[in-house]
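Protein chains in written order, with the numbering used here: chain A, 1 to 230; chain B, 1001 to 1326.
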Amino acid sequence: MILLDRVTKLYGRTNTALDRVSIHVEPREFVIIVGASGAGKSTLLKLLTKEEKPTSGKIVVGGLDYDKLRDKDIPLVRRKIGVVFQDFKLLPGKNVFENVSFALEIVGYGNREIAHTVPKVLDIVGLKGKEKRMPGELSGGERQRVAIARAVVRQPKILIADEPTGNLDPKYAWEIIKILEKINHYGTTVILTTHNQEIVNKLKRRVITISDGRVVSDRANARYTNEDSK
Amino acid sequence: MTRKKTPKTRQQGNHKMITLGRIIKTGGQNFIRNASLSIAAVAVMIITLSIILFSYIANATFAHTIQQIEDKIDISVYLKDSVTEERRDQLVADIKKMGNIRSVEYVSKERALEEYKAANNDDIDLLLAISQTDNPLFALLRIKPHDVDRIEDIRNYVEKPEIKDLQADDTSYSGDRKEAIDNITKSTRLLQRIGVLGVIVFAVVSVLIILNTIQMAIFNRREELQIMRLLGAGTWYIRGPFIVESILYGIVAAIISVSLCQALLSVPQAALSTSSFGLLDINYANEFFSQRLWSVLALQLLIGIIIGAASSFIATRRYLKFKTSK
């Protein structure tokens, strides 16, 4: 599903964000990536969404070799991956329904399908009845749920969640994680980055630890200790 | 959620129509939802489009005034009393043949006297003096050129010895009068050039101001563009609504600027009871404008739409680029 083979990313000539990182993720897996701030987690995700290009190494996602992609194919790749951002990245001029339906509009869904699909997804993330609210009228937890609804509404095979609970109260954080688990249960590969030890330990999933741009551990059913965040 | 097969509708031909409809709808929605930004952009466009419109009308009015002055420029060739009718007709025919001749008018001795009296009808002494002598004036040919710049050619022609022999006096295009005509010609040419240059300068400055305003409006919303990019929206799906929105700015601004111009042109006549500001003949400007109201409106709409669309096209480009550095 996802393959990173000795991927290195340099910013400038000397600043190494990732150093020969190799990761393989199977379909339907739930993988948690942990590491301190600046360890390279966000860079890794940006490489997967084609926001950045690797300096060297190979990336293959869903059978697509990123080296061979042209610029005009990048939107097509992004449509296959759902992304949830720490800062939500909702469209400020659109209401809840429109933010979610936007993801369907860009791939050409008809109005009838949109009217059928979006309410279902909003129901799953617990936003029923809030369709007309603008992002500014929502709490942090609600905004993140809109972002999740938008990421999953196209039923992507891969969902990337970049510290989705980072800006949320603990009570909302666990709700968000439960939604991600549900999505994984339906068959979507989930890649989650987080700082939150409690979440990692409760989930009991595969944990990849990154430190100074290198993979220092990759364990199944792992726990997250203070050592990992150093 | 169970995974469904790709719906058929996504691949069908009406896909493009749905997308186009959505782009237009979103553009209109953004225009209304970002009201403060829209008002600011439209206001700037009204001002700049009005400047273009006013400079265009002023230039046309200016050109009209210049034309009126030039229409008064002619050469009078004074004929000896001995010139026969046949010789005179021959001369008129010859002059007409030389090109650049708008008209050749024969003015008999009697009419010359009447015109002279009419021109001096407030000078009683002069009129009295004239009435006590025989008609002292000569018959004349009044030659009007098409192009006053080439008036010298006409003079050279009538100064030829065989034609000079027929003349009772020097032509009117000599001495002080020649100098005055030459000065008028030179300055009207200069003024025309300044007028055209003015229109071009105002138009260029206006385009730059509008470009800058739309660039700032889009800069304010760059994050929105980047988010759409991250979600996998195609270039035109992102850019389209911005272009539609800018076109709407242009349409609204063009309509308001034409209405504003019409209102402003009628004010000096109604309120100030004046028909001109210096060389600017307001009456003519009003006439020029109202005769061409629809074509002026169409032109303004076209300028507004093109500048709006081009500005937002250029302004969105930088935020839609993909990272290419490794």
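In this text, a Cβ means the ideal position worked out from N, Cα and C, and glycines have one as well.
Fair warning: this is a prediction, and the values are worked out from it, not measured in the lab.
Check	Outcome
C-beta contact flag for Ile1247/B and Ala1309/B at 8 Å	yes
Interface residues of chain B facing Asp71/A [CB-CB closer than 7 Å]	Phe1322
Inside the stretch 30-79 of chain A only - alpha helix (DSSP H) runs reaching at least 4 residues	41-48
Any 3 or more C-beta pairs closer than 8 Å across the stretch 84-98 of chain A and the stretch 1223-1236 of chain B	yes
Ile1018/B versus Ile1032/B - alpha carbon distance	21 Å
Anticipated Cβ contact below 8 Å, Pro54/A with Lys9/A, distance rounded	5 Å
Residue of Arg78/A, Ala151/A, Phe97/A, Met1/A minimising C-alpha distance to Pro135/A	Phe97/A
With 16 other Cβ atoms within 10 Å as the buried cut-off, status of Thr14/A	exposed
DSSP bridge partner residues for Lys1144/B (one or two, in chain order)	Ser1103/B
Contact check, Ala1315/B vs Ile1218/B, beta carbons under 8 Å	yes
Neighbourhood of Arg1003/B by C-beta distance below 7 Å, restricted to the same chain and skipping five residues each side	Model confidence at Arg1003/B stands at a pLDDT of 49, short of 50, so the residue's coordinates are unreliable; what they give is reported in the following sentence. Excluding residues within five positions, none has a Cβ falling inside 7 Å.
Meets three-Cβ-pair contact criterion under 8 Å: the stretch 1243-1260 of chain B and the stretch 1296-1305 of chain B	yes
Span separating the alpha-carbon of Asp212/A from that of Ser1038/B	47 Å
Minimum length 3: unbroken beta strand (DSSP E) runs contained in the stretch 1119-1196 of chain B	1139-1145
Those runs of the alpha helix (DSSP H) which lie wholly inside the stretch 1061-1114 of chain B and span at least 4 residues	1085-1097
Stretch-stretch touch, CB-based, cutoff 8 Å, three pairs: the stretch 1104-1112 of chain B with the stretch 1155-1165 of chain B	no
Beta carbon proximity, Leu4/A to chain B, threshold 8 Å	no
Through-space distance from Val34/A to Arg205/A, alpha-carbon basis	12 Å
Through-space distance from Tyr224/A to Asp218/A, alpha-carbon basis	11 Å
Distance CB(Val84/A)-CB(Ile177/A) smaller than 8 Å	no
Range of the contiguous alpha helix (DSSP H) that encloses Val146/A	140-152
Neighbourhood of Thr1009/B by C-beta, 7 Å cutoff - its chain only, sequence neighbours within 5 removed	Because Thr1009/B sits at a pLDDT of 49, beneath the cut-off of 50, its placement in the model cannot be relied upon, and the point is left open.
When Thr1061/B, Lys1025/B, Val1042/B are compared against Tyr1284/B, the one with the closest alpha-carbon	Thr1061/B
Where the alpha helix (DSSP H) through Arg1317/B begins and ends	1293-1317
Collapsed DSSP secondary structure at Asn95/A in the structure displayed	coil
Segment limits, alpha helix (DSSP H) that includes Thr1019/B	1014-1033
Contact set between the stretch 88-105 of chain A and chain B, restricted to residues whose Cβ is under 8 Å from the partner	Lys89, Leu90, Leu91, Pro92, Gly93, Phe102, Ala103, Glu105
Val215/A, DSSP secondary structure in three states	strand
CB contact flag (Gly127/A, Glu142/A, <8 Å)	One point to set straight first is that residue 127/A is Leu, not Gly, in the sequence displayed. Yes.
Best match in Lys1323/B, Leu1265/B, Leu1091/B, Asp1134/B for proximity to Ser1050/B [C-alpha to C-alpha]	Leu1265/B
Inter-residue spacing [alpha-carbon to alpha-carbon] between Arg1022/B and Arg1318/B	23 Å
Closer than 8 Å to chain B by CB, Val21/A	no
Members of the stretch 1203-1228 of chain B that neighbour chain A once the beta carbon cut-off is set at 9 Å	Arg1221, Glu1223, Glu1224, Gln1226, Ile1227, Met1228
Residues near Arg79/A in its chain [Cβ-Cβ closer than 6 Å; skip 5 each side]	Val107
Spatial distance of Tyr1116/B from Arg1088/B (CA atoms)	22 Å
Buried or exposed by the 16-neighbour rule on C-beta atoms within 10 Å, applied to Ile1306/B	exposed
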